[in-house]
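Novice:
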Amino acid sequence: MQGYDGDKAKILARLRRVEGQVHAVAQMVEDDVYCIDVLTQISAATSALKAVSVMLVDDHLNHCVRQAAAEGGEVADKKLSEVEKVISRLVRS
1 MQGYDGDKAK ILARLRRVEG QVHAVAQMVE DDVYCIDVLT QISAATSALK AVSVMLVDDH
61 LNHCVRQAAA EGGEVADKKL SEVEKVISRL VRS
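Oh and the sequence shown: position 75 is 75 in this note's numbering, straight run, nothing missing.
1. Count the other CB atoms within 10 Å of the CB of HIS23; is the residue buried (16 or more) or exposed (fewer)?
2. So, with DSSP's three-state summary, where would you put GLY3?
3. Taking the CB atoms as reference points, tell me whether VAL18 and ALA48 lie closer together than 8 angstroms.
4. Compare the beta carbon distance of LYS21 and ALA44 with 8 angstroms and say whether it is the shorter of the two.
5. Expressed to the nearest angstrom, what Euclidean distance is found between the alpha-carbon atoms of GLN84 and GLY3?
6. Under the three-state reduction of DSSP, which class applies to SER81: helix, strand or coil?
7. Identify the continuous alpha helix (DSSP H) that holds SER93 and give its terminal residues.
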């Protein structure tokens, strides 16, 4: 079971909305919509995707990392290293 299992429906719903936003951006380009309006929609889609990322990080910390920390040792070190790297990538993006 993944850490996000309890939030899976909510995450999938958000991802479907993001998918719709990206499709709408493509349609805007097809329709030659003003650049600033397209960029505004891209910004909204990016923010929505980042919100999903935050949900997944939260679930990962509260499930996978918490469980690994309870086990301790090499398992905990590995999970903490993984989450550190992914948070670093998310912050830079």
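Cβ atoms here follow ideal geometry from the backbone N, Cα and C, with glycine treated the same way.
Specialist: The relevant details are as follows:
1. exposed
2. coil
3. yes
4. According to the sequence displayed, residue 21 carries Gln and not Lys. For GLN21 and ALA44, yes; Cβs fall inside 8 angstroms.
5. Contrary to the premise, residue 84 reads as Glu rather than Gln in this sequence. GLU84 and GLY3: Cα-Cα distance of roughly 17 angstroms.
6. helix
7. Per DSSP, SER93 belongs to no alpha helix (DSSP H) and is neither H nor E.
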